[in-house]
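If you read the sequence shown in the numbering used here, its first letter stands for residue 9, the second for the next number, and so on.
Heads up, the beta-carbon is just placed ideally off N, CA and C, and yes, glycines get one too.
If you're wondering where the values come from, they're calculated on a predicted model, not measured in any experiment.
Remarks on the structure that follows.
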Amino acid sequence: MFDFVCNHMSAKSEWFKNYLQQHPGFEDFFIAVDPQTDLSAVTRPRALPLLTPFQMRDHSTRHLWTTFSDDQIDLNYRSPEVLLAMVDVLLCYLAKGAEYVRLDAVGFMWKEPGTSCIHLEKTHLIIKLLRSIIDNVAPGTVIITETNVPHKDNIAYFGAGDDEAHMVYQFSLPPLVLHAVQKQNVEALCAWAQNLTLPSSNTTWFNFLASHDGIGLNPLRGLLPESEILELVEALQQEGALVNWKNNPDGTRSPYEINVTYMDALSRRESSDEGRCARFILAHAILLSFPGVPAIYIQSILGSRNDYAGVEKLGYNRAINRKKYHSKEITRELNDEATLRHAVYHELSRLITLRRSHNEFHPDNNFTIDTINSSVMRIQRSNADGNCLTGLFNVSKNIQHVNITNLHGRDLISEVDILGNEITLRPWQVMWIK
(Lines of atoms letter the chains of each structure in order from A; the text may use other names.)
(Lines give C-alpha, C1' and ligand atoms only; values in the text may rest on other atoms or scores of the structure.)
Protein backbone atom coordinates (compact mmCIF):
# COMPACT_ATOMS: atom_id res chain seq x y z
CA MET A 9 0.00 0.00 0.00
CA PHE A 10 1.22 3.48 -0.91
CA ASP A 11 0.05 6.52 1.06
CA PHE A 12 -0.90 9.23 -1.46
CA VAL A 13 -0.98 12.40 0.67
CA CYS A 14 -3.08 14.35 -1.77
CA ASN A 15 -4.47 17.25 0.27
CA HIS A 16 -1.30 18.85 1.58
CA MET A 17 2.47 19.00 1.39
CA SER A 18 5.13 19.14 4.10
CA ALA A 19 6.44 22.59 4.95
CA LYS A 20 9.91 21.04 4.54
CA SER A 21 9.22 19.79 1.01
CA GLU A 22 11.07 21.00 -2.08
CA TRP A 23 7.80 22.19 -3.62
CA PHE A 24 7.07 24.45 -0.67
CA LYS A 25 10.64 25.73 -0.50
CA ASN A 26 10.39 26.61 -4.20
CA TYR A 27 7.11 28.41 -3.51
CA LEU A 28 8.59 30.48 -0.68
CA GLN A 29 11.59 31.31 -2.89
CA GLN A 30 9.11 32.41 -5.59
CA HIS A 31 10.67 30.16 -8.21
CA PRO A 32 8.90 30.19 -11.61
CA GLY A 33 6.31 27.46 -12.01
CA PHE A 34 5.41 27.27 -8.30
CA GLU A 35 3.48 30.55 -7.97
CA ASP A 36 0.07 28.87 -7.57
CA PHE A 37 0.99 25.61 -5.86
CA PHE A 38 -0.45 26.68 -2.50
CA ILE A 39 -3.46 28.72 -1.41
CA ALA A 40 -2.85 32.31 -0.30
CA VAL A 41 -5.88 33.97 1.30
CA ASP A 42 -6.54 37.47 2.59
CA PRO A 43 -6.81 36.99 6.37
CA GLN A 44 -9.89 39.27 6.37
CA THR A 45 -11.81 36.73 4.26
CA ASP A 46 -14.82 35.22 6.03
CA LEU A 47 -13.90 31.56 6.46
CA SER A 48 -16.27 30.85 9.34
CA ALA A 49 -18.18 28.19 7.36
CA VAL A 50 -15.07 26.06 6.81
CA THR A 51 -15.11 22.70 8.58
CA ARG A 52 -12.23 22.60 11.06
CA PRO A 53 -10.79 19.21 12.02
CA ARG A 54 -8.39 20.89 14.47
CA ALA A 55 -8.43 23.59 17.15
CA LEU A 56 -5.71 25.47 15.25
CA PRO A 57 -5.73 28.52 12.92
CA LEU A 58 -6.85 27.77 9.36
CA LEU A 59 -4.41 30.30 7.89
CA THR A 60 -0.70 30.41 8.68
CA PRO A 61 1.55 33.38 7.80
CA PHE A 62 4.74 32.67 5.84
CA GLN A 63 7.43 35.08 4.68
CA MET A 64 8.27 35.03 0.99
CA ARG A 65 11.68 35.70 -0.60
CA ASP A 66 10.65 39.31 -1.34
CA HIS A 67 9.86 39.74 2.41
CA SER A 68 6.13 39.91 1.82
CA THR A 69 3.83 37.83 4.02
CA ARG A 70 1.28 35.40 2.66
CA HIS A 71 -1.37 33.69 4.73
CA LEU A 72 -1.60 30.11 3.49
CA TRP A 73 -4.34 27.54 3.91
CA THR A 74 -3.30 24.91 6.48
CA THR A 75 -6.20 22.58 7.24
CA PHE A 76 -4.34 20.43 9.75
CA SER A 77 -1.27 22.27 11.06
CA ASP A 78 1.34 24.87 10.18
CA ASP A 79 3.73 22.20 8.87
CA GLN A 80 1.18 20.76 6.41
CA ILE A 81 0.43 23.21 3.61
CA ASP A 82 -2.68 22.59 1.51
CA LEU A 83 -2.21 22.17 -2.24
CA ASN A 84 -4.08 24.37 -4.70
CA TYR A 85 -6.02 22.10 -7.05
CA ARG A 86 -7.38 25.13 -8.91
CA SER A 87 -3.95 25.21 -10.55
CA PRO A 88 -3.65 22.76 -13.47
CA GLU A 89 0.07 22.51 -12.70
CA VAL A 90 -0.70 21.15 -9.23
CA LEU A 91 -3.16 18.60 -10.56
CA LEU A 92 -0.69 17.39 -13.19
CA ALA A 93 2.17 17.27 -10.68
CA MET A 94 0.09 15.16 -8.28
CA VAL A 95 -0.95 12.84 -11.11
CA ASP A 96 2.77 12.39 -11.79
CA VAL A 97 3.26 11.38 -8.14
CA LEU A 98 0.43 8.86 -8.47
CA LEU A 99 1.91 7.45 -11.69
CA CYS A 100 5.27 7.10 -9.92
CA TYR A 101 3.60 5.02 -7.19
CA LEU A 102 1.91 2.83 -9.78
CA ALA A 103 5.18 2.36 -11.66
CA LYS A 104 6.78 1.18 -8.43
CA GLY A 105 4.14 -1.51 -7.97
CA ALA A 106 1.46 0.05 -5.78
CA GLU A 107 -1.35 -2.48 -5.31
CA TYR A 108 -3.34 -0.27 -2.94
CA VAL A 109 -3.36 3.55 -2.94
CA ARG A 110 -4.56 5.30 0.21
CA LEU A 111 -5.93 8.79 -0.44
CA ASP A 112 -5.03 10.68 2.73
CA ALA A 113 -7.41 13.40 4.01
CA VAL A 114 -9.01 13.38 0.57
CA GLY A 115 -12.26 15.04 1.67
CA PHE A 116 -10.58 18.44 2.04
CA MET A 117 -8.97 18.67 -1.42
CA TRP A 118 -11.14 21.39 -2.97
CA LYS A 119 -11.54 24.79 -1.27
CA GLU A 120 -14.42 27.18 -1.87
CA PRO A 121 -14.64 30.08 0.66
CA GLY A 122 -18.19 30.43 1.93
CA THR A 123 -18.67 26.65 2.02
CA SER A 124 -17.65 23.90 4.42
CA CYS A 125 -14.70 23.04 2.10
CA ILE A 126 -15.21 19.34 2.76
CA HIS A 127 -16.87 16.70 0.53
CA LEU A 128 -17.35 19.25 -2.26
CA GLU A 129 -18.43 18.08 -5.72
CA LYS A 130 -15.07 18.94 -7.27
CA THR A 131 -13.30 16.79 -4.69
CA HIS A 132 -15.36 13.84 -5.93
CA LEU A 133 -14.56 14.80 -9.55
CA ILE A 134 -10.83 14.69 -8.79
CA ILE A 135 -11.23 11.24 -7.22
CA LYS A 136 -13.10 10.10 -10.33
CA LEU A 137 -10.18 11.34 -12.44
CA LEU A 138 -7.66 9.44 -10.28
CA ARG A 139 -9.83 6.31 -10.50
CA SER A 140 -9.98 6.59 -14.29
CA ILE A 141 -6.20 6.96 -14.50
CA ILE A 142 -5.63 3.94 -12.26
CA ASP A 143 -8.15 1.80 -14.14
CA ASN A 144 -6.40 2.57 -17.42
CA VAL A 145 -2.75 2.52 -16.32
CA ALA A 146 -2.77 -0.15 -13.60
CA PRO A 147 -6.08 -2.07 -13.62
CA GLY A 148 -6.58 -4.02 -10.42
CA THR A 149 -4.97 -1.37 -8.21
CA VAL A 150 -7.29 -0.52 -5.32
CA ILE A 151 -8.15 3.02 -4.15
CA ILE A 152 -8.86 3.41 -0.42
CA THR A 153 -10.22 6.76 0.79
CA GLU A 154 -9.35 8.01 4.27
CA THR A 155 -12.17 10.29 5.42
CA ASN A 156 -12.59 10.42 9.20
CA VAL A 157 -16.13 11.78 9.09
CA PRO A 158 -19.70 10.73 9.93
CA HIS A 159 -20.73 7.45 8.30
CA LYS A 160 -23.13 8.91 5.71
CA ASP A 161 -20.39 11.21 4.40
CA ASN A 162 -17.77 8.47 4.50
CA ILE A 163 -19.67 6.05 2.27
CA ALA A 164 -20.25 8.79 -0.34
CA TYR A 165 -16.67 8.11 -1.47
CA PHE A 166 -17.81 4.85 -3.03
CA GLY A 167 -19.42 7.09 -5.65
CA ALA A 168 -21.67 5.08 -7.96
CA GLY A 169 -19.85 1.89 -7.00
CA ASP A 170 -17.46 1.83 -9.93
CA ASP A 171 -16.06 5.34 -10.32
CA GLU A 172 -14.48 6.41 -7.01
CA ALA A 173 -13.07 4.34 -4.12
CA HIS A 174 -12.89 0.56 -4.17
CA MET A 175 -12.68 0.59 -0.37
CA VAL A 176 -13.39 3.13 2.35
CA TYR A 177 -12.04 3.10 5.88
CA GLN A 178 -14.78 1.87 8.21
CA PHE A 179 -14.28 4.76 10.64
CA SER A 180 -17.40 4.11 12.71
CA LEU A 181 -16.26 0.62 13.70
CA PRO A 182 -13.44 1.54 16.17
CA PRO A 183 -15.50 3.86 18.42
CA LEU A 184 -18.62 1.67 18.22
CA VAL A 185 -16.74 -1.48 19.27
CA LEU A 186 -15.09 0.54 22.05
CA HIS A 187 -18.49 1.87 23.13
CA ALA A 188 -19.94 -1.66 23.17
CA VAL A 189 -17.17 -3.00 25.42
CA GLN A 190 -17.11 0.08 27.67
CA LYS A 191 -20.90 0.07 28.15
CA GLN A 192 -21.15 -3.74 27.99
CA ASN A 193 -23.95 -3.19 25.49
CA VAL A 194 -23.99 -4.20 21.81
CA GLU A 195 -27.22 -2.49 20.76
CA ALA A 196 -25.73 0.62 19.12
CA LEU A 197 -23.07 -1.41 17.30
CA CYS A 198 -25.65 -3.89 15.99
CA ALA A 199 -28.17 -1.23 14.96
CA TRP A 200 -25.51 0.50 12.85
CA ALA A 201 -24.09 -2.71 11.36
CA GLN A 202 -27.54 -3.98 10.33
CA ASN A 203 -27.76 -1.07 7.88
CA LEU A 204 -24.39 -1.55 6.18
CA THR A 205 -24.83 -1.73 2.42
CA LEU A 206 -22.43 -1.51 -0.50
CA PRO A 207 -23.20 0.18 -3.84
CA SER A 208 -21.73 -2.65 -5.90
CA SER A 209 -19.88 -5.95 -5.74
CA ASN A 210 -16.74 -4.04 -6.76
CA THR A 211 -16.57 -2.23 -3.40
CA THR A 212 -15.96 -3.28 0.19
CA TRP A 213 -15.01 -1.98 3.62
CA PHE A 214 -11.50 -1.45 4.99
CA ASN A 215 -12.06 -2.41 8.62
CA PHE A 216 -9.79 -1.45 11.50
CA LEU A 217 -9.84 -0.64 15.22
CA ALA A 218 -6.65 1.37 15.71
CA SER A 219 -4.18 3.36 13.64
CA HIS A 220 -1.31 5.83 13.95
CA ASP A 221 -3.97 8.47 14.60
CA GLY A 222 -6.40 8.44 17.51
CA ILE A 223 -9.88 6.95 17.72
CA GLY A 224 -12.08 9.34 15.73
CA LEU A 225 -15.29 10.61 17.32
CA ASN A 226 -16.85 12.34 14.30
CA PRO A 227 -17.87 8.93 12.87
CA LEU A 228 -20.01 8.44 16.00
CA ARG A 229 -21.98 11.62 15.39
CA GLY A 230 -25.40 10.76 14.07
CA LEU A 231 -25.11 7.25 15.53
CA LEU A 232 -24.96 8.11 19.24
CA PRO A 233 -26.37 11.11 21.14
CA GLU A 234 -23.73 13.77 21.79
CA SER A 235 -24.22 13.25 25.53
CA GLU A 236 -23.17 9.60 25.19
CA ILE A 237 -20.12 10.56 23.14
CA LEU A 238 -19.04 13.07 25.80
CA GLU A 239 -19.68 10.48 28.51
CA LEU A 240 -17.41 8.03 26.69
CA VAL A 241 -14.70 10.69 26.35
CA GLU A 242 -14.90 11.57 30.04
CA ALA A 243 -14.69 7.92 31.11
CA LEU A 244 -11.62 7.37 28.94
CA GLN A 245 -9.95 10.56 30.18
CA GLN A 246 -10.36 9.34 33.76
CA GLU A 247 -8.46 6.20 32.76
CA GLY A 248 -5.57 8.14 31.22
CA ALA A 249 -6.62 8.75 27.61
CA LEU A 250 -5.78 12.08 25.98
CA VAL A 251 -8.17 14.08 23.79
CA ASN A 252 -7.72 16.29 20.72
CA TRP A 253 -10.28 19.00 20.03
CA LYS A 254 -11.68 20.78 16.97
CA ASN A 255 -13.15 24.26 16.52
CA ASN A 256 -16.81 24.57 15.49
CA PRO A 257 -18.24 27.35 13.26
CA ASP A 258 -20.20 28.77 16.23
CA GLY A 259 -17.02 29.34 18.22
CA THR A 260 -17.38 26.31 20.49
CA ARG A 261 -15.11 23.29 20.39
CA SER A 262 -15.76 19.55 20.41
CA PRO A 263 -13.63 16.47 21.01
CA TYR A 264 -12.77 14.86 17.68
CA GLU A 265 -10.24 12.21 18.65
CA ILE A 266 -9.29 10.06 21.64
CA ASN A 267 -5.57 9.41 21.88
CA VAL A 268 -4.96 6.06 23.53
CA THR A 269 -3.81 2.58 22.59
CA TYR A 270 -6.78 0.35 21.85
CA MET A 271 -5.53 -1.97 24.58
CA ASP A 272 -5.83 0.72 27.25
CA ALA A 273 -9.06 2.12 25.79
CA LEU A 274 -10.80 -1.19 26.47
CA SER A 275 -9.61 -1.58 30.07
CA ARG A 276 -9.15 0.24 33.36
CA ARG A 277 -5.91 1.07 35.08
CA GLU A 278 -6.49 -1.64 37.70
CA SER A 279 -7.46 -4.35 35.18
CA SER A 280 -5.52 -7.60 35.24
CA ASP A 281 -3.48 -8.54 32.19
CA GLU A 282 -5.76 -11.53 31.74
CA GLY A 283 -8.77 -9.22 31.55
CA ARG A 284 -6.99 -6.81 29.22
CA CYS A 285 -6.11 -9.61 26.85
CA ALA A 286 -9.65 -11.06 26.90
CA ARG A 287 -11.29 -7.72 26.03
CA PHE A 288 -8.66 -7.00 23.39
CA ILE A 289 -9.12 -10.37 21.67
CA LEU A 290 -12.90 -9.96 21.87
CA ALA A 291 -12.71 -6.60 20.08
CA HIS A 292 -10.44 -7.97 17.37
CA ALA A 293 -12.62 -11.03 16.89
CA ILE A 294 -15.46 -8.60 16.12
CA LEU A 295 -13.20 -6.81 13.64
CA LEU A 296 -12.22 -10.07 11.95
CA SER A 297 -15.87 -11.15 11.69
CA PHE A 298 -17.14 -8.09 9.84
CA PRO A 299 -17.57 -8.04 6.05
CA GLY A 300 -14.68 -6.39 4.26
CA VAL A 301 -10.91 -6.47 4.61
CA PRO A 302 -9.52 -6.28 8.17
CA ALA A 303 -6.37 -4.34 9.04
CA ILE A 304 -4.53 -4.53 12.37
CA TYR A 305 -2.25 -1.73 13.56
CA ILE A 306 1.32 -2.71 14.47
CA GLN A 307 0.96 -1.39 18.05
CA SER A 308 -2.13 -3.58 18.48
CA ILE A 309 -0.59 -6.88 17.47
CA LEU A 310 2.41 -5.98 19.66
CA GLY A 311 0.09 -5.49 22.64
CA SER A 312 1.28 -1.93 23.28
CA ARG A 313 0.22 0.21 26.25
CA ASN A 314 0.00 4.00 26.45
CA ASP A 315 3.36 5.67 25.82
CA TYR A 316 3.22 8.76 28.05
CA ALA A 317 7.00 9.20 27.83
CA GLY A 318 6.63 9.54 24.06
CA VAL A 319 3.96 12.22 24.47
CA GLU A 320 6.18 14.19 26.85
CA LYS A 321 9.21 13.85 24.59
CA LEU A 322 7.51 14.68 21.29
CA GLY A 323 4.91 17.14 22.54
CA TYR A 324 1.78 15.83 20.81
CA ASN A 325 -1.01 13.51 21.96
CA ARG A 326 -0.85 11.05 19.07
CA ALA A 327 2.61 9.95 20.23
CA ILE A 328 0.81 7.90 22.90
CA ASN A 329 0.21 5.18 20.29
CA ARG A 330 3.34 5.53 18.13
CA LYS A 331 6.08 4.04 20.29
CA LYS A 332 9.24 2.92 18.51
CA TYR A 333 11.08 -0.20 19.65
CA HIS A 334 14.50 -1.75 19.36
CA SER A 335 14.10 -5.13 17.67
CA LYS A 336 15.92 -6.99 20.45
CA GLU A 337 13.70 -5.44 23.13
CA ILE A 338 10.42 -6.25 21.40
CA THR A 339 11.54 -9.75 20.38
CA ARG A 340 12.48 -10.54 23.98
CA GLU A 341 9.07 -9.43 25.28
CA LEU A 342 7.15 -11.26 22.57
CA ASN A 343 9.01 -14.47 23.40
CA ASP A 344 8.48 -14.13 27.16
CA GLU A 345 5.38 -16.19 28.00
CA ALA A 346 4.83 -14.16 31.17
CA THR A 347 4.19 -10.90 29.27
CA LEU A 348 0.98 -9.36 28.01
CA ARG A 349 2.65 -8.82 24.64
CA HIS A 350 3.25 -12.55 24.24
CA ALA A 351 -0.36 -13.39 25.08
CA VAL A 352 -1.80 -10.78 22.72
CA TYR A 353 0.54 -11.57 19.85
CA HIS A 354 -0.10 -15.30 19.95
CA GLU A 355 -3.86 -15.14 20.56
CA LEU A 356 -4.40 -12.53 17.87
CA SER A 357 -2.14 -14.35 15.41
CA ARG A 358 -4.13 -17.51 16.04
CA LEU A 359 -7.41 -15.69 15.30
CA ILE A 360 -5.99 -14.33 12.05
CA THR A 361 -4.86 -17.81 11.01
CA LEU A 362 -8.30 -19.23 11.78
CA ARG A 363 -10.00 -16.52 9.77
CA ARG A 364 -7.79 -17.16 6.76
CA SER A 365 -8.64 -20.86 6.93
CA HIS A 366 -12.40 -20.43 6.58
CA ASN A 367 -13.95 -19.11 3.38
CA GLU A 368 -17.07 -17.88 5.17
CA PHE A 369 -15.07 -14.80 6.21
CA HIS A 370 -14.41 -13.76 2.59
CA PRO A 371 -15.23 -10.03 2.19
CA ASP A 372 -18.02 -10.72 -0.30
CA ASN A 373 -19.81 -13.46 1.64
CA ASN A 374 -23.15 -12.94 3.36
CA PHE A 375 -23.24 -11.14 6.70
CA THR A 376 -26.01 -10.85 9.28
CA ILE A 377 -25.83 -9.44 12.79
CA ASP A 378 -28.31 -9.35 15.66
CA THR A 379 -28.51 -9.12 19.43
CA ILE A 380 -29.18 -12.17 21.61
CA ASN A 381 -29.47 -9.82 24.57
CA SER A 382 -28.03 -6.39 25.33
CA SER A 383 -24.59 -7.88 26.07
CA VAL A 384 -24.39 -10.70 23.53
CA MET A 385 -24.45 -10.35 19.76
CA ARG A 386 -24.45 -12.88 16.97
CA ILE A 387 -22.74 -12.55 13.60
CA GLN A 388 -23.37 -15.08 10.85
CA ARG A 389 -21.19 -15.39 7.74
CA SER A 390 -22.18 -17.79 4.97
CA ASN A 391 -20.82 -18.61 1.53
CA ALA A 392 -22.40 -19.60 -1.79
CA ASP A 393 -22.07 -23.29 -0.92
CA GLY A 394 -24.42 -22.85 2.03
CA ASN A 395 -21.72 -23.20 4.68
CA CYS A 396 -22.37 -20.99 7.70
CA LEU A 397 -20.16 -19.79 10.55
CA THR A 398 -21.75 -18.22 13.63
CA GLY A 399 -19.91 -15.84 15.93
CA LEU A 400 -21.13 -15.22 19.48
CA PHE A 401 -19.67 -12.26 21.39
CA ASN A 402 -20.13 -11.56 25.10
CA VAL A 403 -19.09 -7.94 25.71
CA SER A 404 -19.88 -8.06 29.43
CA LYS A 405 -17.98 -8.92 32.61
CA ASN A 406 -20.67 -11.47 33.48
CA ILE A 407 -21.22 -15.09 32.49
CA GLN A 408 -23.99 -15.24 29.90
CA HIS A 409 -26.27 -18.24 29.36
CA VAL A 410 -27.94 -18.03 25.95
CA ASN A 411 -30.41 -20.41 24.36
CA ILE A 412 -30.07 -20.79 20.59
CA THR A 413 -31.90 -23.56 18.79
CA ASN A 414 -30.34 -25.53 15.95
CA LEU A 415 -26.85 -24.21 16.55
CA HIS A 416 -24.57 -27.22 16.52
CA GLY A 417 -20.96 -27.52 15.52
CA ARG A 418 -17.50 -26.86 16.85
CA ASP A 419 -16.16 -23.66 18.35
CA LEU A 420 -13.06 -23.02 16.26
CA ILE A 421 -11.44 -20.92 18.99
CA SER A 422 -11.80 -23.18 22.04
CA GLU A 423 -11.99 -26.36 19.91
CA VAL A 424 -15.03 -27.48 21.92
CA ASP A 425 -18.08 -29.15 20.35
CA ILE A 426 -21.39 -27.30 20.78
CA LEU A 427 -24.10 -29.92 21.22
CA GLY A 428 -27.05 -28.49 23.16
CA ASN A 429 -29.26 -25.44 22.72
CA GLU A 430 -27.94 -23.66 25.83
CA ILE A 431 -24.54 -22.09 25.44
CA THR A 432 -22.50 -20.57 28.26
CA LEU A 433 -20.19 -17.67 27.46
CA ARG A 434 -17.52 -16.59 29.92
CA PRO A 435 -16.94 -12.85 30.48
CA TRP A 436 -15.58 -11.31 27.26
CA GLN A 437 -15.66 -14.68 25.48
CA VAL A 438 -15.96 -15.14 21.71
CA MET A 439 -17.05 -18.28 19.88
CA TRP A 440 -16.76 -18.98 16.16
CA ILE A 441 -19.05 -21.97 15.68
CA LYS A 442 -19.02 -24.02 12.49
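Just to confirm before moving on: does the CB-CB distance between residue i and residue j stay below 8 Å?
{"i": "R363", "j": "L296", "result": "yes"}
{"i": "A5", "j": "S275", "result": "The shown model of the chain, from 9 to 442, leaves out residue 5, and the question about it has no answer."}
{"i": "I266", "j": "L204", "result": "no"}
{"i": "V424", "j": "V384", "result": "no"}
{"i": "N252", "j": "Y264", "result": "yes"}
{"i": "L186", "j": "N215", "result": "no"}
{"i": "F12", "j": "L98", "result": "yes"}
{"i": "L56", "j": "P43", "result": "no"}
Give the secondary structure of residue i by DSSP, where H, G and I count as helix, E and B as strand, and everything else as coil.
{"i": "E430", "result": "strand"}
{"i": "K130", "result": "helix"}
{"i": "D143", "result": "helix"}
{"i": "R340", "result": "helix"}
{"i": "H174", "result": "coil"}
{"i": "G115", "result": "helix"}
{"i": "V90", "result": "helix"}
{"i": "F24", "result": "helix"}
{"i": "D221", "result": "coil"}
{"i": "P61", "result": "strand"}
{"i": "L83", "result": "strand"}
{"i": "I39", "result": "coil"}
Whose C-beta lies closer than 7 Å to the C-beta of residue i among residues of the same chain, with five residues either side of it excluded?
{"i": "M64", "result": "L28, Q30, R70"}
{"i": "C14", "result": "M94, L111, D112, V114, M117"}
With respect to the beta strand (DSSP E) encompassing residue i, which residues constitute its N-terminal and C-terminal limits?
{"i": "I441", "result": "438 to 441"}
{"i": "V13", "result": "10 to 13"}
{"i": "F401", "result": "396 to 402"}
{"i": "V384", "result": "384 to 390"}
{"i": "H409", "result": "408 to 411"}
{"i": "Y264", "result": "261 to 267"}
{"i": "H16", "result": "16 to 18"}
Residue i lies in the alpha helix (DSSP H); which residues open and close that run?
{"i": "W73", "result": "Element bounds for W73: not the alpha helix (DSSP H) but the beta strand (DSSP E), 69 to 73."}
{"i": "S235", "result": "234 to 246"}
{"i": "K254", "result": "From DSSP, K254 is part of no alpha helix (DSSP H) but of the beta strand (DSSP E) over 250 to 255."}
{"i": "P121", "result": "First-last for P121: undefined, no H or E at that position."}
{"i": "N193", "result": "Neither: N193 is in no alpha helix (DSSP H) and is coded neither H nor E."}
{"i": "N162", "result": "159 to 162"}
Go through its chain and collect everything with a Cβ distance to residue i's Cβ below 8 Å, but skip five positions before and after it.
{"i": "V403", "result": "A188, V189, Q192, N193, V194, L290, S383, V384, M385, W436"}
{"i": "E355", "result": "C285, I289"}
{"i": "N381", "result": "Q408, V410"}
Please go through the same chain and pick out, in chain order, the residues whose beta-carbon is closer than 6 Å to the beta-carbon of residue i, but skip the five residues on each side of it.
{"i": "G417", "result": "I426, I441, K442"}
{"i": "L231", "result": "W200"}
{"i": "F10", "result": "Y101, A106, V109"}
Any Cβ of chain C within less than 8 Å of the Cβ of residue i?
{"i": "E22", "result": "Within the model displayed, chain C is absent; a lone protein chain is all it includes."}
What are the uninterrupted segments assigned as alpha helix (DSSP H) that are 4 or more residues long and contained completely in the stretch 289 to 360, given in chain order?
-> 306 to 309, 316 to 322, 335 to 343
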